[in-house]
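Okay, structure first, notes after.
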Amino acid sequence: MLAYLLIVLGVVSRLIVHVPNFTPVIAIALFSGVYLKKKYAVVLMLALMAITDVFLGFHNIMFFTWGSFALIAVLGTTMKGKVNFKSIFSGSLLAAIFFFVVTNFGVWLVSGMYERSFAGLVTCFTMAIPFFRYTAASALIYSFVLFGGYELIASRIKSTRLATAL
């Protein structure tokens, strides 16, 4: 059930109008890595991206985008049993940086928007810096909301079976 809720949250958040790069998708990837089995976390992220890209449009850097979210889910698996303020903060920030580097490298490599040179790569990353603020902020905010909300709900549910069903 948790996986379905995460997919719905991710799909809705990507399809509604939002500030560029301010979505809970990075947080969902980390969270799914912690609370789902690795293969399900990766499949969840690929499904979320496939569903939304049907509506938003497929693009030439989707390998980099989808791949970065799948790998962020794998990063989340390293946080299993270690969920605390420090791990959520550092994991979210690391995931945002990873997403920034991978996707902007992809833009430089395959989009044709930038010269295929070191100068073009630097220009690509420089032009992307304003978007990174939103990526990092959303990763941090949504991660604390997801992890904190989940732990709060789980702690208030008396039945262990019900808590694990979340």
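Per our numbering, residue 36 is the first one in the sequence shown, and the count goes up by one each step.
Every residue, glycine too, gets a C-beta built ideally from N, C-alpha and C.
With a minimum length of 3 residues, there is no unbroken run of beta strand (DSSP E) contained wholly in the segment 49–116. The alpha carbon of A105 has as its nearest neighbour, out of K117, V89 and M84, the alpha carbon of M84. Comparing alpha carbon positions, the residue from K74, I51, W101 and V109 closest to F90 is I51. Less than 8 Å divides the Cβ of V69 from the Cβ of K115. Taking a C-beta distance under 8 Å as the contact criterion, A62 and Y177 qualify as a contact pair. With respect to the 8 Å criterion, I86 and V46 are classified as neighbours on the basis of their beta carbons. Taking a contact to require three or more Cβ pairs closer than 8 Å, the segment 161–180 and the segment 91–104 do not qualify as touching. Counting only the Cα atoms, S67 lies some 8 Å from Y75. By the Cβ-count criterion, F153 is exposed, with fewer than 16 other Cβ atoms from all chains shown falling within 10 Å of its own Cβ.
Beyond the five residues adjoining it in sequence on each side, V145 comes within less than 7 Å, by CB distance, of N95 and I96 in the same chain, given in chain order. Linking I42 to V157 through their CA atoms gives a straight-line distance of about 34 Å.
The three-state reading of DSSP puts V118 in coil, since its state is none of H, G, I, E or B. For K73 against V109, the beta-carbon gap comes to about 6 Å, under 8 Å, which counts as contact.
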